[in-house]
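Participant: All residue numbers for the sequence shown refer to my numbering, where the first residue is 127 and numbers rise by one. From the three backbone atoms N, C-alpha and C, an ideal C-beta is built for every residue, glycine too. The structure's right below; bear with me while I get my questions together.
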Amino acid sequence: MITPIIILCLLSSPLLVAFIVSRFTNSELAVRKYACWGLGIAFIYFFIGHLVETDGMVQMLPEWVPLRVQLIYATGLIELVIGGALFVPKYQQAAAKVAILVFIVFFPANVYAALNGVGLGGHQWGPEYLLIRTPLQVLLIAWAYFLCVKLPNRPQPGNKDVA
Numbered sequence: 127m128i129t130p131i132i133i134l135c136l137l138s139s140p141l142l143v144a145f146i147v148s149r150f151t152n153s154e155l156a157v158r159k160y161a162c163w164g165l166g167i168a169f170i171y172f173f174i175g176h177l178v179e180t181d182g183m184v185q186m187l188p189e190w191v192p193l194r195v196q197l198i199y200a201t202g203l204i205e206l207v208i209g210g211a212l213f214v215p216k217y218q219q220a221a222a223k224v225a226i227l228v229f230i231v232f233f234p235a236n237v238y239a240a241l242n243g244v245g246l247g248g249h250q251w252g253p254e255y256l257l258i259r260t261p262l263q264v265l266l267i268a269w270a271y272f273l274c275v276k277l278p279n280r281p282q283p284g285n286k287d288v289a
């Protein structure tokens, strides 16, 4: 159950630190930059999960899905690429759009795991876990869209950009 808390901390930490620094230095806060960094860190965390918890993630897929182990590694690699791209200003907006697509496409695996009580990251709670996981997915999608895609790629008015 700690996984959603870790994800929220990783997601929000860069923006929170940048906000605090901008207030102390009276400099501009580049919201999109740091929001993308947080999302990038979260995606790298997701990638690491694919490597460390491969067997558990394989169980999150129905038996009829072919090449489940390879699929877990492939989706982990996709998450790593998205995570890395979120640190490169030129690719941030496109990476955030792909991140939204990934959140939507991968969500059925979370539903399957919760409905089948797969013992990984809270799914063992059963369908009740979806009461936590679903809002988290919505939050991640909203973060990606509103802070990384829709927000202009410029610092907010009134301050100067924080490194």
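(1) Using CA coordinates, which residue listed in Leu137, Tyr238, His176 and Pro261 is at the minimum distance from Glu205?
(2) Quick one: Cα of Ala239 to Cα of Phe150, how far?
(3) From Phe169 to Leu241, what distance separates their C-alpha atoms?
(4) Going by beta carbon distance, what residues of the same chain come within less than 6 Å of Gly166, once the five residues before and after it are set aside?
(5) Please give the ranges of any alpha helix (DSSP H) in the stretch 167 to 199, keeping only runs that are unbroken, at least 4 residues long and fully inside the region.
(6) Report yes if the CB atom of Pro140 is closer than 7 Å to the CB atom of Leu262, and no otherwise.
(7) Where does Asn152 fall in DSSP's three states?
(8) Quick check: the Cα distance between Met183 and Asn152, rounded to an integer number of angstroms?
(9) Can you check whether the CB of Tyr171 is closer than 7 Å to the CB of Leu197?
(10) I need the straight-line Cα distance from Pro215 to Lys223, nearest angstrom please.
(11) Just the C-alpha distance for Ser148 and Tyr160, rounded to the nearest angstrom, thanks.
(12) Pick from Trp251, Leu256, Leu246 and Leu257: whose alpha carbon is nearest that of Gln185?
(13) Output the distance between the C-alpha atoms of Leu155 and Pro188, rounded to the nearest integer angstrom.
(14) Roughly how many angstroms separate the alpha carbons of Arg259 and Asn236, rounded to a whole number?
(15) Exposed or buried, Val228, counting other C-beta atoms within 10 Å across all chains shown (16 or more means buried)?
Facilitator: To lay it out plainly:
(1) His176
(2) 45 Å
(3) 24 Å
(4) Gly209, Leu212 and Phe213
(5) 180 to 185
(6) no
(7) coil
(8) C-alpha separation (whole angstroms): 45 Å.
(9) no
(10) 14 Å
(11) 12 Å
(12) Leu246
(13) 44 Å
(14) 8 Å
(15) buried
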